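Since the structure comes first, as structure tokens, the remarks are kept for the end.
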Amino acid sequence: MRIHFALPALGLLAPSAAAADPVPAKPVEFRLTPEQIEQVLADAERKPRAAPEALIEKEQARPIHGEVGVTVGSDGTRAAFGTAVVPLADDGIAILSVDAGRYRQPLWVSQRPEKR
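Count the sequence shown with mature numbering (1 follows the signal peptide of the UniProt record, and there is no 0) and you get residues -19 to -1, 1 to 97, in order.
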């Protein structure tokens, strides 16, 4: 049993290879030969170049955003509604909303004519 504890203790006392100063690695550098440089330049001249207009990102048309919905309830309540945000020119918008439905008459509204 004592040997199990002694081995790790001896390992702590022994000088470690990690404690020694590491030798710095030489930087890796790749250089092209003059023939390779000429080949790259010749290949670049043969490739077609993009027109300047093709490099500019064209603004895509702004889409119409919106939402639609329906309501269905008790006692015959039903409705449909919608909203749309429509872009105008470069920096304008128009917002349109529509609502149509049939709702139950509220309980607090009297259904018989008032007596005066």
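By construction, the Cβ of each residue, glycine as well, lies at the ideal position given by its N, Cα and C atoms.
Treat the numbers as computed from the prediction; the structure is a model and nothing was measured.
| query | result |
| --- | --- |
| Per-residue DSSP class, three states only, for LEU13 | coil |
| ALA75: first and last residue of the uninterrupted beta strand (DSSP E) it sits in | 73 to 83 |
| Span of the beta strand (DSSP E), counted from its first residue to its last, around ARG59 | 59 to 69 |
| Distance between LYS28 and GLU16 (C-alpha atoms, nearest Å) | 19 Å |
| Cβ neighbours of GLU48 in the same chain (closer than 8 Å, five flanking residues each side left out) | GLY63 and THR64 |
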